[in-house]
Structure formats: structure tokens, C-alpha cells
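Here is the structure we will look at, set down as C-alpha cells.
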Amino acid sequence: MTIRHALAGLIGLFAIGFGGAALAAPSCGANTGQAATGEPIVVGGIFSNGAPGDWSSATDSAAAYFACVNANGGIAGRPIEYLVEDDQWNPESAAAAAAKLVGDKKAVAMVGNGSFIEMAVNAKTYVDNGIMAMASACAISECFETPNLVSTNQGPLSSNLGAAQYAQEELGSKNVACIGLNIPNNGIWSCQAVIDYMKSKGGDGSMALLNPGAPDVNSALLEAVASGADTILMNLPAGLALAVLKAAQEQDLRDSYIWIAPTPLYDLSVPDAVGEYWHGKIFVNAELAPLSVGGPDAQNWISVLDAFGKADDPRDTFSQAGYLSARFFTEAMLTMDPAKLDDRAAVSDAIRAIKGYTSDLMCGPFYVGDADYHMPNHAGYMVKIVAGGFEIVRNCYEYDSSYFDKHKALEAELGLR
């Protein structure tokens, strides 16, 4: 079962989480209540749908927010024309999508992107064309270590570090085996950060890597077991992580290790998928607010989707991130001189000027800044998989790793520390 199929249960969860009260009308942009009628402002977005998954919830959510903005005055009376392309996890399609949106359609910015293929392919394209991409589903180093990409989600490196930190501080982990994909800018990049963190705390770590084209989870699990680890970190998409857990259950390894994971296992279908055997035994980092928290902005996100999205649009972490990217972009645009809304350079400057934007969906302030790296979201929650859902075991906490030293220095310069 996918999270799309868990939608009915999620709606029930929100009714319980909000005390059964009806959600307020959505709040978007200028909130004039009048439809925007001027010349459209073109904004692009790229997502992936295919193996290894459907990441369209980020652009779906951004599209719903922009539709709400357009129904409430737009940007200085002008609607946002949000053009979205699917790269189907194909590098050539990703390059063609960017060429169309950035080159042919003259988008002033990219918002809500959800595809690590397109980010790897197009990072230089965005720099060369002076366009900023406010992404929502980043999973590779280029998204966080290049100047023209910034995301509201954390990606695997931060989320892995959050999970490892909790395990080291609260569960007694001393040696973490990170099972990841054998992709240099994804699995290797993010697993190595965990190993470095554990060594900085007097522990140790290792990585067991899967061939993304033909993943052998049994071999990776055996390699992790042979490493001498006391903790197994499943740095994988949800489907592959579930396959690892199934293999571990067949060998009855549950109580021999501490089991942790980054955000991909925070999926409403997972508690039923793992079954009773694993309940209470798997700890997952949530890079945005868990769905049961239900703060004002979390409620507004749902209200926007209910009013302007599709019934089967997922209400998941990438959807939260897409909403935030669109909301923060809109707020930056509303500060601009209306005469410069079609000026890509001016829009990029307005995005780089973002600092101190807040939401109860995030544990800290969102900012961009003028730097060659961007990772504003490096604090989160930890949850435990239990029967019927997830139990929060640690509320907002900042991740402790030397990787973030330069980001903390930038935050200090921006007056955010």
C-alpha cells in the first residue's frame, strides 16, 4: 500500500489530531479574496515519477498553493503560471525539462522540484542561467552544495545524522552500519557523514552499499551484520528499507540490533507494512513536523490541499516541503518591486535575501543567503513505529555534526543565531 492509498486513514488522523474541529479556510499570499487577472508570472517545477518512486507530491502541493495565491490576488495582481515537467528519472528528460522551462518558457524561478536526477543534471544549468531553484525533495549532494539550489527538505545526509545522533545519545549506539545506495552523491555521501559523526563521538561506523540497478538487500544486510555494528541504519527509499526489514525478520535479527532510518520510512503505510514484529523497534527521523502535530501552518497546508489540490494528492513529507517552498517563494515575491517581477536576476536576489521565515512545519528558521551551499533545515523530530502509526520520542532538536559548522556560521552572519 502506498501513501496515496493511505489517504482516507490520514484524513481521519487529522480529524483526531485537530480535535475533530473543521479546518479554517486556507490562507495564501496577499489573501485578498479576489482572483488575480494580470499577465502571468512563469514559474517552473520538475519532478520524477517512475522507478524508484513517485515524487510528484512536492510539485502537487506547490501547485495547490499557487492556485490559492492566484485566487487571492496573486503577486501584485498577477497570477503565477506554474509549469511542471516529469523527468521520469531520466537524465536526458531532466535536461530537456530544464531547457524548456528555463530557456523556452523563461521561468523566473524553479519551485517545488522533486527529483535527484534533475538536480544532478541541472545544477550547473541553474547557475549558468542565473535562476534559483527552491526545491522540496532533495536527495543528493548537488542540491545542498551548489549555489543556485536550496530546499525545504533535509535530504539523506541531515536526516541520517539526526537518526544517528538520537541513537548515539538515547539508545546507546556505538557502531552504526549504514545500508545505502552505491551512488557517490547519495548513499556514499550521506553514509560517510554518519561514519564521521560516530567517530567524532568515540564510536565507529561502516557502509554496506546496494547496486541501485539490481539491489541485493540480503547481501547488504549480511555485510552490515559482519561489520560488528550494534546499530543498522537503513539509508534507503521506503520500499528497499522494507525489504531489508523483511530479510532481517526472516533471520530473527530484531533484538540483536538497534534499527534506525531517515525520513523515507516516515510513511503512513509503513506501520502496517512492517507488522507487529517490528512495532516499537524502529526509530525514524522526521525532517519536517510529524503529521499528528497539527500546528497552524500544518493545518493551513491541509486546508490548501483540500481546497485547491486533488483528492488523491498525498499528504506526506514531500508535500509539506512543496507547500513550504511555494509559500516562502510567494512571500519573497510579495516584497519585490512589481516592475521587476519578470526580471529573473531580481527574483533570484529576492530569494537569496530570504531569512528568518518560520513555520511550525520546520524546527528552525528558513533562509537562503548568498553562498555556495544551502542547508537551512538541519533540525527535526524522532518518531518510533508503533501499531497504527508513529509515536514522537524526541521533539525538535538540532543535529550535532561538524558538517553544519559552515551553515551555522552563515546563520550567525544573517543574525539567526
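Those letters in the sequence shown? Residues 0 to 416, by numbering that gives the first Met the number 0.
Even glycine gets a Cβ: it sits at the ideal position worked out from N, Cα and C.
Around the beta carbon of Gly28, a 10 Å sphere encloses 16 or more other beta carbons of the protein chains shown; the residue is thus reported as buried. With contacts defined as CB atoms closer than 8 angstroms, Val367 and Ile353 qualify as a contacting pair.
A distance of 8 angstroms or more separates the beta carbons of Phe143 and Met361. With distances taken between CA atoms, Asn284 lies nearest to Ala163 out of Ala163, Thr58, Ala57, Ala108. With fewer than 16 other Cβ atoms inside 10 Å of its own Cβ, Tyr276 counts as exposed. As a beta-bridge residue in DSSP terms, Met381 pairs with Asn284, Arg393. Between Glu286 and Asn394 a beta carbon distance of about 14 angstroms is seen, past the 8 angstroms cut, so the two are scored as non-contacting. Your pair Asn174 and Asn234 does not check out as a contact, with CB atoms roughly 16 angstroms apart and the cut at 8 angstroms. In the three-state scheme derived from DSSP, where H, G and I count as helix and E and B as strand, Thr230 is classed as strand. By a beta-carbon distance limit of 8 angstroms, Lys105 does not contact Glu84. Their separation comes to about 15 angstroms.
Partner residues in the beta bridge of Asp53, as assigned by DSSP, are Asn48. Under the three-state reduction of DSSP output, Arg314 falls in the coil class, being neither helix nor strand.
The C-beta distance from Leu209 to Asp215 rounds to 7 angstroms, short enough to meet the 8 angstroms contact threshold. For Ser56, the closest alpha carbon among the candidates Thr124, His377, Phe317, Ser157 is that of Phe317. C-alpha of Met109 to C-alpha of Lys405: approximately 25 angstroms in a straight line.
Secondary structure note for Trp258: its beta strand (DSSP E) is the uninterrupted segment 257 to 260.
Relative to the Cα of Ile259, the nearest Cα in the group Leu333, Pro155, Ala288, Asp371 belongs to Pro155. Measuring C-alpha to C-alpha distances from Asn112 to each of Leu239, Asp53, Thr36 identifies Asp53 as the nearest. Under the three-state reduction of DSSP output, Tyr322 falls in the helix class. The DSSP assignment places complete alpha helix (DSSP H) segments of no fewer than 4 residues inside the region 31 to 114 at 56 to 69, 90 to 97, in order along the chain. Sorting Val101, Trp88, Asp229 by C-alpha distance to the C-alpha of Ser47 places Trp88 at the top.
With respect to the C-alpha of Ala240, the residue from Ala94, Val224, Ala223, Pro263 having the closest C-alpha is Pro263. CA-to-CA, the gap between Asp342 and Gly279 works out to about 52 angstroms. The straight-line gap separating the alpha-carbon atoms of Asp336 and Ala345 is approximately 9 angstroms. Arg351 counts as buried, since no fewer than 16 other beta carbons sit within 10 angstroms of its beta carbon. For the set Ser218, Met332, Ala23, Asp127, the Cα lying nearest the Cα of Ile40 is the one of Met332. If only uninterrupted alpha helix (DSSP H) runs of at least 4 residues are considered, those enclosed by the region 155 to 216 are 188 to 199. In this structure, Ala288 lies away from Ala136, with their beta-carbon atoms at least 8 angstroms apart. Out of Thr329, Gly204, Arg253, the CA that lies nearest to the CA of Ser347 is found in Thr329. Looking only at Pro261, Gly202, Ile45, Thr58, the smallest Cα-Cα distance to His377 is reached by Pro261. Tyr256 sits close to Asp229, with the two beta carbons spaced by under 8 angstroms. Of the residues Ile79, Phe389, Ala237, Asn71, the one whose Cα lies closest to the Cα of Gln33 is Asn71.
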